[in-house]
Ligand SMILES: [Fe+3]
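Chains as they are written, first to last, in this note's numbering: chain A, 1 to 180; chain B, 1001 to 1251.
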């Protein structure tokens, strides 16, 4: 069957897709929690204020858990995450400065966070990966030229803080992925 | 800066139309660098995508959602306010399938849309059409055991945007879908049959194959129309992308 074509997320998803705590993948106060943050930039180096990022990070069992965007059955409003379960899924919109931040746990089962990028102006989402361990290697990284490989590695800004900028276009364009 | 005219944009669209014989599987999706949609110019990669052939790739499995992630009211966009929204009440339903034609069950479907006047309940929407205090325009549901989804809403209006002079979007509902793998993720838009704005819209026309564009247009279905209540539209969705259970029969 022919796949349904992609269309841009557009500029007005803000009241539908983001949810409170969407970037707080790790429960608050978890001793292993790390912060990953960065900007999304366009081909002119300008920050993109209307991008939406999703993170997918299965655990050792390679499975996720429901409950990322729990609803309150009484009010229909957001109940939020349950504060305990690691669901592996995060969603965060960039702010007016093109910045985003998530709180999560170091990946297990795979050495990277899977990232999906949506934006106004982007007709079809893009996949990339954020490798947090500077020594991580795998066939994907091994097949890339060093300067391109560097776009998939986070910069460690502190013991528990990583920076990961995403450039949709330009000389330091992020490596984006195709799955077959 | 003067905006291009509709004539300029329509000429660019005409130059980029695919010949129908060129329609292969991957050509179904728009080219990310589609110049008539001006916002795409600086927001698409110029380097080719890098193929990942890893059968253990994390992306071959995907997020899981459950009944606590939605409530039963979420699929009815006409409720949850103090009164009834203005506009033409509609039901939109269909099935979510994978490329092998198998139903995608228990997965999250999210929708958002403008109100009947073509205005989004979003602060940055400056279209001078009225907001509706009884309509926000966001909903979600999980597909059932046959892959079916269903929403009750109102028909959205067309709205202007500033891609070019006199640019208007045909009426559409935005859809966000999850499959069983992150690689099946899809964000798209559903259009209504017979809309006269189709040929003028660079976002719809970014899908350059007419057969593929047809996949984005719902069908009016009188059997789904509810007497004295709502008009029915049917729209099926086929998710692309491999999964961990992808088999040889899919090609
Ligand atoms: Fe829209």
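We treat Cβ as the ideally placed atom computed from N, Cα and C, and that holds for glycine.
Predicted model only: the values in this text are computed from it and were never measured.
- The beta carbon of residue 1012/B is closer than 7 Å to those of 1035 and 1036 in its chain, skipping five residues each way along the sequence.
- With fewer than three CB-CB distances shorter than 8 Å, the region 93-112 of chain A does not count as touching the region 65-77 of chain A.
- In terms of beta-carbon proximity, residue 1110/B lines the interface with chain A, with at least one pair separated by less than 8 Å.
- Neighbourhood of residue 1080/B in chain A, by CB distance below 9 Å: 76, in chain order.
- DSSP, reduced to helix, strand and coil, places residue 1136/B outside both helices and strands of the structure shown, so it counts as coil.
- Here residue 1017/B is exposed. Its C-beta has fewer than 16 other C-beta atoms within 10 Å.
- Distances from the alpha-carbon of residue 1136/B to those of 1125/B, 1114/B and 1229/B put 1114/B closest.
- Of all residues in the region 163-179 of chain A, those with a C-beta nearer than 7 Å to a C-beta of chain B are 168, 169, 173, 175, 176, 177, 178 and 179, reading in chain order.
- Residue 1097/B reaches chain A at 1, counting residues in chain order whose Cβ is nearer than 8 Å.
- Taking 7 Å as the upper bound on Cβ-Cβ separation, chain A lies near residues 1186, 1187, 1188, 1189 and 1203 of the region 1186-1203 of chain B.
- Interface with chain B (8 Å Cβ-Cβ cutoff): residue 149/A is excluded.
- In this structure the region 159-174 of chain A lies against the region 23-40 of chain A, because at least three pairs of beta carbons, one per stretch, are closer than 8 Å.
- Within the region 1229-1240 of chain B, the residues whose Cβ lies closer than 7 Å to some Cβ of chain A are 1237, 1238, 1239 and 1240, listed in chain order.
- Boundaries cannot be given for residue 1146/B, as no alpha helix (DSSP H) includes it and DSSP labels it neither H nor E.
- The beta carbons of residue 1199/B and residue 176/A sit no closer together than 8 Å.
- As a beta-bridge residue in DSSP terms, residue 1096/B pairs with 1237/B.
- Under the 10 Å beta carbon count, residue 1123/B is surrounded by fewer than 16 other beta carbons and is classified as exposed.
- Secondary structure at residue 1200/B: helix, using DSSP grouped into helix, strand and coil.
- DSSP places residue 49/A outside both helix and strand once states are collapsed to three, so it counts as coil.
- Taking the Cβ atoms as the reference, residue 1171/B lies roughly 6 Å from residue 1157/B, within the contact range of under 8 Å.
- Scanning the region 43-121 of chain A for uninterrupted beta strand (DSSP E) segments of 3 residues or longer gives 51-56, 89-93, 99-104 and 112-119, listed from N- to C-terminal end.
- In this structure, the C-beta of residue 16/A stays at least 7 Å away from each heavy atom of ligand 1.
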